[in-house]
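Numbering (my numbering), first residue to last: 3 to 444. Idealized CB from N, CA, C, for every residue including glycine. Remember, it's a predicted structure, so these values are computed and weren't measured experimentally. What follows is a short report on a single structure.
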Amino acid sequence: MENLTKIKNFVEEKFPAYGINKKREIVRLIFEISKRENVPFQEIISEVEDTSYRQIKQWLVERRYPSLKDRKDLRLYLPEVEIYSENRFLPEKKFNFIPKDIYVEKKVEKSFLARRCRELFPEAKLTTISSLKNYLQDKEFKLSDYNQRREMIFIIKENYDFFKKCPCTRGACFCGYSIFNLGLGCIYECVYCYLQFYLKNIPGIILPANLEDFFRNFPKRFYNYQFFRKPRIGNGEFTDSLALDNLTEWSCELIEFFRKKPEIFFEFKTKSSNIDNLFKVKPQDNIVISWSLNPQKIIDSLEFYTASLEERILSAKACGEYGYRVGFHFDPLIYYENWEEDYQNLVNILFRHIPKEKIAWVSLGTLRFNPELKKIIENRFPENTILDAELFIDFDNKLRYRTDLRIMMYRKMFAWIKRKKKDLPLYLCMENREVWEEVYGA
Ligand code: SF4
């Protein structure tokens, strides 16, 4: 913060003739170089002799993004740097989910979920509201409020938004996934999570109390489910599927519902080890419990409050032994020095503990996010290192690693995984045709 103010003052004094947008770009570049290389900002600019905007910008851009020296087609995103200390997320040493406020829509105040919240959180203040929409109507939320979202639960009656096609991303090859839209918001803190942007105006965790209406409105037909044998549907898109399962107990009901639909795969996607309820019901072949996996050092620095790698693997092992099928998502894959060693090791750990025949599918997806998320990440997680990478605006207007780098990462992961099980269903998440063809062959 202090450094940023100094950079802004420095640019103001050194280049008084530049217009406001030019100054902002120069500040952004100096700020990023100073952070990435861990050098004092004064040293960066002292190496530049020219004072023409074009020359300086080019020099700074090539230092910050070395790939641009021979790839002029790569598109940069250089927004103004605006960082405010009140937005910073400070992880608690010991994570406990204990909401202070529970808002319940009148229509569901007698629901199981409302009762359960009262039992589990007797200290929380309970307020009945006519509807979430009315409650939010005249309120405005700031980014700093997002840090407090674990303090509020909204128990609502969902009326319309029961299912949707996975929004995927523009220009990507769609994998045919459908979303069971149960739960909005997550108690975990992943630095790269898109919900920080998507839910920035919602100050709590939203839990629908009318699961029966989801079942009643379950669609008869599904979207094209591509190369899987059956349609796949899951509820881990706008929340973590199991993080709050001890509270909601949704898993038992979902499994009972999908037990009678063997023509569909239902997937729980999680980074938790909250699996106790899964053992209270009979397992079923079309129920897949999936974990996102990353090396422990990435979990420590980017996935706050989630289960450790060991806990995730042991949970998957237990679910597999009990009779479920399990899935794994290497998503987001993070590029850094020694990534190869760490991810290859991760693949080895996975296959050492989980019998191959239990694995329903594996997906791969490199780091990507909407440009708007860049400013949110640097505000909430100023020490993050994921933004130090070279990220460019790509085919879907999201920030991504260079295409050739992504292809290289996918090919390596693909080879390590296929060496363990040749016919394992392995797909890329949110990638375009060019990348698919380079990884899989035309
Ligand atoms: S577990 Fe998933 S939904 Fe929750 S914060 Fe992490 S990325 Fe977001």
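For residue i, the first and last residue of its enclosing beta strand (DSSP E)
i           : result
residue 335 : 327 to 335
residue 268 : 267 to 272
residue 362 : 361 to 368
residue 281 : Here residue 281 belongs to no beta strand (DSSP E), and DSSP marks it neither H nor E.
residue 156 : 154 to 158
residue 207 : 207 to 210
residue 165 : 165 to 167
residue 531 : The structure shown does not extend to residue 531, since the chain is modelled only from 3 to 444, so the question has no answer here.
Proximity below 8 Å, CB of residue i to CB of residue j
i           : j           : result
residue 174 : residue 434 : yes
residue 73  : residue 31  : no
residue 245 : residue 292 : no
residue 379 : residue 318 : no
residue 407 : residue 366 : no
residue 131 : residue 105 : yes
residue 338 : residue 191 : no
residue 330 : residue 361 : yes
residue 416 : residue 437 : no
residue 58  : residue 52  : yes
residue 187 : residue 208 : yes
residue 266 : residue 237 : no
residue 184 : residue 143 : no
residue 382 : residue 150 : no
residue 76  : residue 63  : no
residue 153 : residue 103 : yes
residue 272 : residue 243 : yes
residue 129 : residue 398 : no
residue 69  : residue 107 : no
residue 427 : residue 363 : yes
residue 24  : residue 55  : yes
residue 239 : residue 301 : no
residue 410 : residue 335 : no
residue 119 : residue 155 : yes
Nearest candidate by alpha-carbon position, reference residue i, set the options
i           : options               : result
residue 96  : 309, 371 and 324      : 309
residue 202 : 338, 315, 375 and 66  : 375
residue 371 : 252, 345 and 393      : 393
residue 359 : 367, 351, 328 and 377 : 328
residue 295 : 118, 23 and 313       : 313
residue 189 : 64, 43, 100 and 391   : 100
residue 168 : 84, 79, 179 and 151   : 179
residue 413 : 75, 267, 346 and 79   : 346
residue 259 : 238, 284 and 428      : 284
residue 352 : 316, 326, 381 and 373 : 316
residue 311 : 340, 297, 399 and 321 : 297
residue 89  : 102, 253 and 146      : 146
residue 213 : 253, 22 and 421       : 253
residue 136 : 256, 204 and 369      : 204
residue 3   : 138, 34, 195 and 15   : 34
residue 446 : 389, 300, 409 and 43  : Shown here, the chain extends from 3 to 444; a query on residue 446 therefore has no answer.
residue 276 : 263, 112, 251 and 240 : 251
residue 305 : 193, 124 and 280      : 193
residue 369 : 256, 401 and 231      : 401
residue 324 : 342, 280 and 334      : 280
residue 385 : 36, 21, 24 and 109    : 36
residue 122 : 40, 405 and 249       : 249
residue 5   : 29, 21, 18 and 395    : 29
residue 278 : 255, 247 and 425      : 247
Cross-strand partners of residue i (DSSP beta bridge)
i           : result
residue 78  : Answer is none; residue 78 lacks a bridge partner.
residue 127 : 103
residue 236 : 181 and 269
residue 371 : 401
residue 395 : 77 and 401
residue 186 : 208
residue 305 : 192
residue 174 : 434
Opening and closing residue of the alpha helix (DSSP H) in which residue i lies
i           : result
residue 179 : Per DSSP, residue 179 belongs to no alpha helix (DSSP H); it is in the beta strand (DSSP E), 179 to 182.
residue 134 : 134 to 139
residue 437 : 435 to 442
residue 292 : Per DSSP, residue 292 belongs to no alpha helix (DSSP H); it is in the beta strand (DSSP E), 289 to 294.
residue 198 : 197 to 200
residue 19  : Per DSSP, residue 19 belongs to no alpha helix (DSSP H) and is neither H nor E.
residue 63  : 55 to 66
residue 349 : 341 to 355
residue 250 : 247 to 250
residue 319 : 311 to 324
residue 120 : 114 to 122
residue 217 : 213 to 218
residue 148 : 145 to 148
Check: residue i C-beta below 7 Å from any heavy atom of ligand 3
i           : result
residue 197 : Ligand 3 is not among the ligands present in this structure, which contains only ligand 1.
Cβ of residue i within 8 Å of any chain E Cβ
i          : result
residue 87 : In the displayed structure, chain E is absent; only one protein chain is listed.
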